[in-house]
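The listed protein sequences derive, respectively, from chains D and W. Okay, so the first sequence: first residue is 1 according to the numbering used here, each after it adds one. Okay, so the second sequence: first residue is 1001 according to the numbering used here, each after it adds one.
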Amino acid sequence: TQLLEQSPQFLSIQEGENLTVYCNSSSVFSSLQWYRQEPGEGPVLLVTVVTGGEVKKLKRLTFQFGDARKDSSLHITAAQPGDTGLYLCAGGGAGGTSYGKLTFGQGTILTVHP
Amino acid sequence: NAGVTQTPKFQVLKTGQSMTLQCAQDMNHEYMSWYRQDPGMGLRLIHYSVGAGITDQGEVPNGYNVSRSTTEDFPLRLLSAAPSQTSVYFCASSSTGNTIYFGEGSWLTVV
């Protein structure tokens, strides 16, 4: 069974601060995805990384996939109250497409105070 | 563009009752799946399907049945509801390329 350990579980910061969320596993994943989920809604895909060492940027968000494809990080620069939400990492299995099968981390609840 | 539609949004069941959570997608996606979300545990895969007529078990399949008679629909059946099945259920669909689209969720309480 593949497991993803996400940390921290809770993060409460002030507007303007930087933060990093980590996603670690002992297993290799073919892809790693990051989702954001708001209360009462389903997760929404932010990014997919597939190559070891890959770095993707989405405005103030920077995503990195570890060289060995076992870990990933999400860094937010100058956090804003609109960034508040649940952030989930999810790994796709070996062999290319995940076929809709993902292994999720436990999630990080981020609260950004004005 | 409806995407992934789940019904009902909220349901309260008594222990031992059965029910079906409906899921439909209009994107002609091959792959569909059901997840449950519990506090502190992320989302866990219940069952998934790679095409009409093909289903398989995920991480937590006990107590749930699925079928995939059409590409569009993937219902999840609870045969005899238990309090441990109180959760939020998400249906998802995807095609090749790994982008997975989730429904808005179904909140189920078993008393």
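Note that CB positions come from ideal geometry on N, CA and C, so glycine has one too.
Original post:
Where W:Ser-1018 and W:Tyr-1064 are concerned, what is the direct C-alpha to C-alpha distance, given to the nearest angstrom?
Top reply: Reading the second sequence from its first residue, position 18 is the one you call residue 1018 of chain W. Reading the second sequence from its first residue, position 64 is the one you call residue 1064 of chain W. The alpha-carbon atoms of W:Ser-1018 and W:Tyr-1064 are separated by roughly 10 Å.
Subject >> Neighbour flag for W:Tyr-1089 against chain D, beta carbons, 8 Å >> reply: Here the question's residue 1089 of chain W lines up with position 89 in the second sequence. No, because no Cβ of chain D sits closer than 8 Å to the Cβ of W:Tyr-1089.
Original post:
So, using beta-carbon positions, are D:Tyr-99 and D:Val-21 closer together than 8 Å?
Top reply: The residue you call residue 99 of chain D lines up with position 99 of the first sequence. The residue you call residue 21 of chain D lines up with position 21 of the first sequence. The beta carbons of D:Tyr-99 and D:Val-21 sit no closer together than 8 Å.
**OP:** List the residues of chain D whose Cβ lies closer than 7 Å to the Cβ of W:Met-1041, in chain order.
**Re:** As a first step, residue 1041 of chain W is located in the second sequence; it is residue number 41 there, counting from the start. Per Cβ cutoff of 7 Å: Gln-106.
Original post:
D:Leu-45 touches chain W at which residues, Cβ-Cβ below 7 Å?
Top reply: Along the first sequence, read from residue 1 onward, the residue named residue 45 of chain D stands at position 45. Chain W residues near D:Leu-45: Thr-1099, Ile-1100.
Subject >> Partner residues on chain D for W:Thr-1093, Cβ-Cβ distance less than 8 Å >> reply: To locate residue 1093 of chain W, count along the second sequence from 1; it is residue 93. The residue you asked about is not Thr; residue 1093 of chain W is Ser in the sequence shown. Contact note: W:Ser-1093 reaches chain D through Gly-100, using a C-beta cutoff of 8 Å and chain order.
Original post:
chain D beta carbons: is any one of them nearer than 8 Å to that of W:Met-1019?
Top reply: On the second sequence, residue 1019 of chain W is found 19 positions in, with the first residue counted as 1. Output row for W:Met-1019: interface = no.
**OP:** Sort W:Glu-1059, W:Leu-1108, W:Pro-1075, W:Gly-1003 by Cα distance to W:Ala-1082 and report the nearest one.
**Re:** Here residue 1082 of chain W refers to the residue found at position 82 when the second sequence is read from its first residue. Ranking W:Glu-1059, W:Leu-1108, W:Pro-1075, W:Gly-1003 by CA distance to the CA of W:Ala-1082 puts W:Leu-1108 first.
**OP:** Pull out every residue of the segment 1053–1081 of chain W whose Cβ sits closer than 8 Å to any Cβ of chain D, in chain order.
**Re:** Answer in chain order: Gly-1058, Glu-1059.
**OP:** State the beta-bridge partners of D:Glu-5 as determined by DSSP.
**Re:** Numbered from its first residue, the first sequence carries residue 5 of chain D at position 5. Its beta-bridge partners are D:Asn-24.
Subject >> Contact set between W:Val-1050 and chain D, taken where Cβ atoms lie within less than 8 Å >> reply: Sequence index remark: in the second sequence, residue 1050 of chain W carries index 50 (1-based). Neighbours of W:Val-1050 on chain D, chain order: Tyr-99, Gly-100.
Original post:
Quick one: is W:Leu-1108 near chain D, going by C-beta distance under 8 Å?
Top reply: For the purposes of this step, residue 1108 of chain W is taken as the residue at position 108 of the second sequence. For W:Leu-1108, the answer is no, since every Cβ of chain D falls outside 8 Å of its Cβ.
Original post:
Just the Cα atoms here: how many angstroms apart are W:Pro-1039 and W:Glu-1104?
Top reply: Stepping through the second sequence from its first residue, residue 1039 of chain W is reached at position 39. Stepping through the second sequence from its first residue, residue 1104 of chain W is reached at position 104. Between the C-alpha atoms of W:Pro-1039 and W:Glu-1104 there is a straight-line separation of about 17 Å.
Original post:
Pick from D:Gly-92, D:Gln-80, D:Arg-69, D:Lys-70: whose alpha carbon is nearest that of D:Thr-111?
Top reply: Position 111 of the first sequence, counted from the start, is the residue given in the question as residue 111 of chain D. Ranked by how close their Cα comes to the Cα of D:Thr-111, the residues D:Gly-92, D:Gln-80, D:Arg-69, D:Lys-70 have D:Gln-80 in first place.
**OP:** Tell me whether D:Gly-96 is buried or exposed, calling it buried when 16 or more other Cβ atoms sit within 10 Å of its Cβ.
**Re:** Mapped onto the first sequence, residue 96 of chain D falls at position 96. Confidence in D:Gly-96 is poor, its pLDDT being 49 and thus under 50, which makes the residue's placement too unreliable to answer from.
Subject >> C-alpha gap between D:Leu-7 and D:Gly-91, whole angstroms >> reply: Locating residue 7 of chain D in the first sequence gives position 7, where the first residue counts as 1. Locating residue 91 of chain D in the first sequence gives position 91, where the first residue counts as 1. Here residue 7 of chain D turns out to be Ser, not Leu, going by the sequence shown. Those two C-alpha atoms are separated by around 15 Å.
**OP:** Mind checking who D:Leu-46 pairs with in its DSSP beta bridge?
**Re:** Position 46 of the first sequence, counting from 1, holds the residue named residue 46 of chain D. None; D:Leu-46 has no bridge partner.
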